[in-house]
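Notes for the one structure printed next.
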Amino acid sequence: MSAAPALLPGDGSEAALAARWAAGERRALRLEDGRALRIIFPGVPGGGAGPDFTGAVLDAGGDVLRGDVELHLAASGWAAHGHTSDPAYARVVLHVVARNDTGALATRHASGRAIPVLVLPPPLAQGAFPPPFTPPCALPAARGAVAAPVLTRLGVRRLRMKAARAQPLVEAAGPGQALHHLALEQLGGTANRAAFAALARRLPLAALLERAEGMPDRPLALAAALKGGAAALVLQRAGLRPMASPAKRLEAAGSLWARLWPDLTPGWPAALAPAAGLAPLRAPGVGRASAVELAVNAVLPVALAAGFWSEGEAAAALAALPSPGTYGRLRRLEGWLGRPFTSAATLQGGLLLHADYCTRGFCGRCPLSG
Ligand code: SF4
Numbered sequence: 276m277s278a279a280p281a282l283l284p285g286d287g288s289e290a291a292l293a294a295r296w297a298a299g300e301r302r303a304l305r306l307e308d309g310r311a312l313r314i315i316f317p318g319v320p321g322g323g324a325g326p327d328f329t330g331a332v333l334d335a336g337g338d339v340l341r342g343d344v345e346l347h348l349a350a351s352g353w354a355a356h357g358h359t360s361d362p363a364y365a366r367v368v369l370h371v372v373a374r375n376d377t378g379a380l381a382t383r384h385a386s387g388r389a390i391p392v393l394v395l396p397p398p399l400a401q402g403a404f405p406p407p408f409t410p411p412c413a414l415p416a417a418r419g420a421v422a423a424p425v426l427t428r429l430g431v432r433r434l435r436m437k438a439a440r441a442q443p444l445v446e447a448a449g450p451g452q453a454l455h456h457l458a459l460e461q462l463g464g465t466a467n468r469a470a471f472a473a474l475a476r477r478l479p480l481a482a483l484l485e486r487a488e489g490m491p492d493r494p495l496a497l498a499a500a501l502k503g504g505a506a507a508l509v510l511q512r513a514g515l516r517p518m519a520s521p522a523k524r525l526e527a528a529g530s531l532w533a534r535l536w537p538d539l540t541p542g543w544p545a546a547l548a549p550a551a552g553l554a555p556l557r558a559p560g561v562g563r564a565s566a567v568e569l570a571v572n573a574v575l576p577v578a579l580a581a582g583f584w585s586e587g588e589a590a591a592a593l594a595a596l597p598s599p600g601t602y603g604r605l606r607r608l609e610g611w612l613g614r615p616f617t618s619a620a621t622l623q624g625g626l627l628l629h630a631d632y633c634t635r636g637f638c639g640r641c642p643l644s645g
């Protein structure tokens, strides 16, 4: 960081460079290879591992580029960070830098691709920030158009996709075991999803219910059996909130399973009727947001895949669910669309939009582009 930081707003960090890129750049831009560059859509922040922005749409001298964008303060950062041979960076279509210290006209990836390099020009005045980038979906939203109907339709499409993924499990093991599997997976959270799925296979529902048979405290007995089954699994405990620890999640499962399966019958729980809403999914340790996630990711897909609920009933149940809270990766989209994620259905629609359009280079071609 020699001359570059003085050219950047804020502290001259890579985060400041990313903020400038995300805000859009309306001045004429020129790639290091000489082509003019126009930003059609800067992409959405990648978050975590992988490229900084995904789904960008760019016009490079008349060629439309769709893909990811990686940013560094210096062009040499690409190789220094090991991106050259990293397959996660194979879809990068633009390397944005504050300073081209290598002098190369393009950045190389091991796949053989030559990635154009852009030196992002400094702001016109120190501290001046360009107005925020506005994608096509934000214009109808600003005029008062309501995105909820389209998002709800996309939410139902996402539910159908979840049901299609649940179908083989339902056919192979039956709806009760499929629900046991997907609900445990959901309770495992991001940290322990795979481990909890393995637990569902190691300790099937029928065997679990038998272990708690005749016990005076069934929720406790079910939780103890689940903890015993999980003892041989590698579980992540570090960095989790106390209520998200594997032990707490398995205790919550014990309480909920005792309600859903009050006897030895490992089938579809009678309490899970289409009009029942969230009530059957509330149990000690299962808050409202968790109950919504269980409904969306386990109950509705299995009910639909097994044919217990019609698509109309499942769609109506989804539409009636509240939002469990917006995900971090949807924050920008939420702002552009006028904060429409007030229900589980619109939130599911937002997730599909984000995954299938905003991050795939289809900005301007999505159902909300107007
Ligand atoms: S893909 Fe559609 S929803 Fe996503 S930012 Fe572009 S216009 Fe908005």
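At position 129 of the sequence shown the residue is numbered 404 (this note's numbering), and the sequence of numbers has no breaks. All residues carry an ideal CB built from backbone N, CA and C; glycine is no exception.
Reference residue i, options the options, closest by Cα
i, options, result
"Leu-732", "Leu-395, Arg-516, Pro-559, Ala-507", "Shown here, the chain extends from 276 to 645; a query on residue 732 therefore has no answer."
"Thr-329", "His-370, Leu-459, Leu-515", "His-370"
"Gly-419", "Ala-620, Leu-612, Leu-304", "Leu-612"
"Ala-619", "Gly-325, Trp-532, Ser-565", "Ser-565"
"Arg-468", "Leu-426, Arg-295, Leu-569", "Leu-569"
"Ala-385", "His-455, Thr-409, Gly-357, Pro-491", "Gly-357"
"Glu-586", "Arg-428, Ala-458, Leu-474, Gly-560", "Arg-428"
"Trp-536", "Trp-584, Ser-351, Gly-504, Ala-481", "Ala-481"
"Pro-557", "Ala-528, Asn-375, Asp-538", "Reading off the sequence, residue 557 comes out as Arg, not Pro. The shortest Cα separation from Arg-557 among Ala-528, Asn-375, Asp-538 belongs to Ala-528."
"Ala-466", "Trp-353, Glu-300, Ala-513", "Ala-513"
Heavy atom of the ligand SF4 within 6 Å of residue i beta-carbon
i, result
"Tyr-602", "no"
"Tyr-364", "no"
"Ser-644", "yes"
"Leu-628", "yes"
"Pro-410", "yes"
Residue j beta carbon less than 7 Å from that of residue i
i, j, result
"Leu-605", "His-629", "yes"
"Asp-271", "Gly-321", "Shown here, the chain extends from 276 to 645; a query on residue 271 therefore has no answer."
"Pro-597", "Ala-533", "no"
"Ala-581", "Pro-450", "yes"
"Leu-348", "Ala-373", "yes"
"Phe-559", "Ala-546", "The residue asked about is misnamed: residue 559 is Pro in this sequence, not Phe. Cβ distance not < 7 Å, so Pro-559 and Ala-546 don't count as in contact."
"Pro-411", "Gly-645", "yes"
"Pro-599", "Val-567", "yes"
"Ala-573", "Leu-454", "yes"
Close Cβ partners of residue i (< 6 Å) along its chain, the five nearest in sequence each way excluded
i, result
"Thr-601", "Glu-609, Phe-616"
"Arg-524", "Leu-462"
"Val-332", "Ile-315, Phe-316, Arg-341, Gly-636, Cys-638"
"Asp-343", "Pro-326, Thr-329, Arg-366, Val-367"
"Arg-440", "none"
"Ala-496", "Ala-487, Met-490"
"Arg-313", "Asp-334"
Close-in-space but distant-in-sequence residues of the same chain around residue i (CB under 7 Å, 5 per side omitted)
i, result
"Glu-588", "Pro-549"
"Ala-293", "Asp-327, Leu-346"
"Met-276", "The predicted position of Met-276 is uncertain, since its pLDDT is 33 and thus under 50; no value can be drawn from it."
"Arg-477", "Gly-504"
Cβ neighbours of residue i in the same chain (closer than 8 Å, five flanking residues each side left out)
i, result
"Arg-640", "Tyr-632"
"Leu-434", "Val-571, Leu-575, Pro-576, Leu-579, Ala-589, Ala-590, Leu-593, Gln-623"
"Ala-281", "Confidence at Ala-281 is low in this model, with a pLDDT of 40, below 50, so the placement of that residue should be treated as unreliable; the coordinate-derived value is given next. Here the set comprises Gly-287."
Interface flag, residue i vs chain C, CB-CB below 7 Å
i, result
"Gly-503", "The displayed structure is made up of one protein chain only, and chain C is not part of it."
Exercise for the section: Entirely within the region 576–643 and at least 3 residues each: give me those beta strand (DSSP E) ranges in chain order. Expected result: The qualifying runs do not exist here; there are none.
Problem - 4-residue-minimum alpha helix (DSSP H) runs that sit fully inside the region 449–518, ordered along the chain - result: 450–477, 480–486, 493–505
Practice task
Output the residue ranges of the alpha helix (DSSP H) runs that lie fully inside the region 307–394 and measure 4 residues or longer, sorted by chain position.
Solution key: 352–355
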